[in-house]
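Novice: Structure provided below as structure tokens; questions to follow.
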Amino acid sequence: MPPLRRITTSTLQQLKSLLADNTIPVQPVQVIYQNYSIRNEAAAKTPLLFSWTHGGQTEPLFFGFYTWSTAESKKFPGTFLALGTGADFRIVGFPLYLLPQDKDFVYLSFKLGNNEGGKNRWFGRGRTAKELRTVAQTDQLAADIRQALQGAFPDPLFKHPTLSGEWLTLARLPLADLKSQADATSRVALKTLVFEKILHAFVIAEKLRDESLQAAGMQPVLATPDNEDDLPIPNSMRQPLNQILYGPPGTGKTYHTALCAVSLLERLTEDETKAKYDTHERLRARYDEYQQAGRIQFVTFHQAFSYEDFVEGIKPVLTDDIVDATKETSRDIGYIIADGIFKVMSQRSIYALHLQRQQRLAEAASIPQTAALDFDTIFERFIESLRTKDNVGEEVIFHTKTNKSLFLQHIKEDGTTYFKYENGKSNNRLQVTRKGLRKIYDSNMLSEDNEIGENQIIVDHGRDRTVYWAAFREFLKFRTQSQEDNPTQNAQVSIGEALQLAVIDPTIAAETAQDFNYDKLTPADFAQAPRFVLIIDEINRGNVASIFGELITLLEEGKRAGRPERLTARLPYSKADFTVPPNLYLIGTMNTADRSVEALDTALRRRFSFTEMQPKAQVIREQIGTNGVIGEGAAAIDVARILEVLNSRLEQLLDHDHCLGHALLLLDEPDLASLRTAFARNIVPLLQEYFFGDWGKIGLVLGEKFVTTLPRSAAGRYPLAPFKGYDSAGLHDKPLYRLIEPDKWDAEAFRSLYPATI
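For the sequence shown, position 415 matches number 415 in the UniProt record's numbering, and the numbering has no gaps at all.
Here it is in structure tokens:
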């Protein structure tokens, strides 16, 4: 074996990126050891999810990436690969950061144990209060595991370059295939190989472990940590749920939110995201895709922004009042309780948790791909079919139980339909809503194996139950016809498609979020459900305490849904109970030149993590001219140095919060004209704001090449008018300052901003 060393940081990140990227699928995997087996039926959709059959039961088994509470693990966050179930998110752990490598391969390997003290290094797990095996029994288990694993993985044992013990190789991973430039087929095959080999070792060890417990007269149980210090820090916690990016103008706060948001949604570090999207254009395109999908929303706080805009409030709306069958309408003012952006994003997040649970249950039950279409898909198609008929002038008629005719009058954007009885004298609208139809659908417990006849329909919702019965009857007929027309259609709409429907029709998520039962979710559901990001620009310009209201407490990580200490608030307008879901992230930005962090509401500061965005001259050096220098020879100007010097002077005259960001000097073209424009449009107006028009202090920042002093004899300076009773002594000598015309700012003027040597 060639000389080994610990895996390098760059190789470690490449390996983590490959394994964690859900867009890279896993090929079909089936691992069998005696009567224990693992397979992945939904590899393309959820590559980290598998189905584990053992001891007469089948349960989901999933991989996750964590940061353990050890100093070594914290050096390499998110690279502790754990394999677990809904009951125990870590049955076994596999620290990727300990793997060895040589110049060509990473060795997927782990340390073999010889006795009770070492047998549980990776597989088999240790004794706990629930596993009262004797020392001899655990020694025997270690020997059995060792023998079985060496039989399955026959490569010679080797010594780790920095750790003790004998190490077993599961597979050799070519470094070339770990790189993002490698062809897709090789990367898919490599990802499949890693999971397959780990699962192979896992199923062997778990089978032997359970046998050892049964031999000792005990039932197999899952080991639990002895204390909270042994609990991992989930990868999701590496980036806080609530964070604020703060700094002076031009430091890239809003620009950085795209990187931060995409990293959160894809469960990557920011460095991993930069590596995946190697240009800002690619990153921005991905950001836009997420925004169109409704998983990122952007809002700006201002002085008029209120709780009613953010959470919920009473809003005026125009209503349609149908006056006759010709569909002529009059518009009236009505009032509704409208959901704000924060509540809408919370509802989408809850709906994603619901979809994740539905997917888990479907995959665990091996639901065939020809299962019944879900309600939302049927409803959208049903309403679209009614619209099509209505648009071409075809009369749409439903019939009640007593065979009375109901004529379709109108279809609203949200799918609400309005009917009128044939020859009906009243102009009252008979409406059927999505919500009402869904409740009837759920009450009748429809599925492919549970078809019901017309006489079996139970209508226990809706104001006009006769109308709902007629509508639901047609809905059932449409559903049956859809399945007959598309017998092999994939019934399980993907989570992404379902979320897109919820963006188009917010009532879908709102109805699911109402009275949602978080107790039915497993740790896997929380860990794998899609995330959502709400970006709040200029968060300090709004009245935060008023905008968030009672929800400020619910933002805390420990108070969110799914936590033991979760809190629920009663919303003032809708009177609905509300809890903030754990998969909704908040990113705020604030300009410290407007308001310092210390001036923010104390309650807000306690619940947000703050990240300072500082001016970075290095960005200018990387993007402007040659190492930040434009021009050549005597005309050369060091733009990066200008930024550093100006900020040093501003800190002396003002403070750290009133500096200049590097974005203000990112020139359109690396020439003198662009630099003049940047100074005239960005730098000088900001300095005027900082110093409240005190040109004397601006002169201390820019110098005499930019600000000049008008002498008393200067043309255009006239003496003060005579006025008795006011002491004007000294006022005649008050200095007056003027900004030198920008077209006179030459290369020498800009070079004067920084000393020749430091």
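Don't be surprised by glycine CBs; every beta carbon is placed ideally from N, CA and C.
Going by DSSP, what residues sit across from Met590 in a beta bridge?
Specialist: Beta-bridge pairing links Met590 to Tyr246.
Novice: Check for me: the alpha helix (DSSP H) holding Trp695 runs from which residue to which?
Specialist: Trp695 to Leu702
Novice: Given 8 Å as the limit, is there contact between the stretch 168-183 and the stretch 239-249, that is, 3 or more CB pairs closer than that?
Specialist: no
Novice: Under 7 Å Cβ to Cβ from Ala756, same chain only, skipping five residues before and after it: list those, please.
Specialist: none
Novice: Residue range of the beta strand (DSSP E) that Val31 falls in?
Specialist: Gln30 to Tyr33
Novice: For Arg738 and Leu675, I'd like the C-alpha separation in whole angstroms.
Specialist: Near 20 Å, if we compare the C-alpha coordinates of Leu675 and Arg738.
Novice: Who pairs with Thr300 in a beta bridge, going by DSSP?
Specialist: Asp537
Novice: Please confirm whether Gln623 has its beta-carbon closer than 8 Å to some beta-carbon of chain C.
Specialist: The chain inventory of the structure shown lacks chain C, comprising one protein chain alone.
Novice: Can you tell me which of Ala729, Arg605, Val707 and Leu406 puts its alpha carbon nearest to the alpha carbon of Ser752?
Specialist: Val707
Novice: For a quick check, are the C-beta atoms of Lys111 and Pro2 less than 8 Å apart?
Specialist: no
Novice: Any idea which residues DSSP pairs Val629 with across the strands?
Specialist: Thr626 and Asp638
Novice: Please classify Tyr107: does DSSP put it in a helix, a strand, or coil?
Specialist: Residue state, collapsed to three classes: strand.
Novice: Ignoring anything shorter than 3 residues or poking outside the stretch 139-226, list the beta strand (DSSP E) runs there in chain order.
Specialist: Taking 3 residues as the shortest admissible run, the stretch 139-226 contains the following complete beta strand (DSSP E) segments, listed from N- to C-terminal end: 166-174.
Novice: Who are the Cβ neighbours of Gly334 in its own chain at under 8 Å, not counting the five residues just before and after it?
Specialist: Counting only Cβ-Cβ distances below 8 Å, and skipping sequence neighbours, we find Pro316, Val317, Leu318 and Thr319.
Novice: Consult DSSP for Pro742 and reduce its assignment to one of helix, strand or coil.
Specialist: helix
Novice: So if DSSP puts Asp577 in a beta bridge, which residue, or which two residues, is it bridged to?
Specialist: Arg570
Novice: Assuming Ala470 and Phe62 are in contact, meaning their beta carbons sit under 8 Å apart, how far apart are those beta carbons, in whole angstroms?
Specialist: Not really, about 45 Å apart at Cβ, beyond 8 Å.
Novice: Taking the alpha carbon of residue 771 as the point to measure from, which residue in Pro735, Ser186 and Ile504 has its own alpha carbon closest?
Specialist: Outside the shown range of the chain, which is 1 to 758, sits residue 771, and nothing can be said about it.
Novice: Pick out whichever of Val396, Ile535 and Trp52 has its Cα sitting closest to the Cα of Phe202.
Specialist: Trp52
Novice: Can you tell me where the beta strand (DSSP E) with Ala721 in it begins and where it stops?
Specialist: Careful: Ala721 lies outside any beta strand (DSSP E) and carries neither H nor E.
Novice: Reducing DSSP to helix, strand and coil, say where Trp68 ends up.
Specialist: Note: Trp68 maps to coil in three-state DSSP.
Novice: With a threshold of 6 Å on Cβ separation, who are the neighbours of Lys420 within its own chain once the five nearest residues in sequence on each side are excluded?
Specialist: Answer for Lys420: Phe407 and Gln409, listed in chain order.
Novice: If contacts are defined as beta-carbon pairs under 8 Å, then Leu521 and Met345 qualify, I think. What distance do you get, rounded to the angstrom?
Specialist: At roughly 19 Å, the Cβ-Cβ gap does not stay under 8 Å, so Leu521 and Met345 are not in contact.
Novice: Span of the beta strand (DSSP E) holding Phe398?
Specialist: Ile397 to His399
Novice: State the DSSP-derived secondary structure class of Phe475, mapped to helix, strand or coil.
Specialist: helix
Novice: I need the boundaries of the beta strand (DSSP E) containing Glu612, first residue and last residue.
Specialist: Ser609 to Glu612
Novice: Taking only the alpha-carbon atoms, compute the straight-line gap between Asp414 and Thr388 and give it to the nearest angstrom.
Specialist: So the alpha carbons of these two residues sit roughly 16 Å apart.
Novice: Counting only runs that start and end within the stretch 646-719, where is the beta strand (DSSP E) found for 3 or more residues in a row?
Specialist: 707-710
Novice: Check each candidate in Asp271, Thr592 and Gly151 and name the one with the smallest Cα separation from Ser17.
Specialist: Asp271
Novice: Would Leu353 be called buried (16 or more neighbouring beta carbons within 10 Å of its own) or exposed?
Specialist: buried
Novice: What did DSSP end up calling Thr58 once you bin it into helix, strand or coil?
Specialist: The three-state secondary structure of Thr58, taken from DSSP, is strand.
Novice: Contact defined as beta carbons within less than 8 Å: I believe Asp339 pairs with Ala510. What is the distance between those atoms, to the nearest angstrom?
Specialist: 7 Å
Novice: Quick check: what's the CA-CA separation for Ala749 versus Thr709?
Specialist: 16 Å
Novice: According to the Cβ coordinates, are Thr8 and Gln243 closer than 8 Å?
Specialist: no
Novice: Could you give the C-beta distance for Ser482 and Ile378, rounded to a whole number, given that I count them as a contact under 8 Å?
Specialist: 7 Å
Novice: Rounded to whole angstroms, how far is the Cβ of Phe472 from the Cβ of Ile440, which I believe are closer than 8 Å?
Specialist: 5 Å
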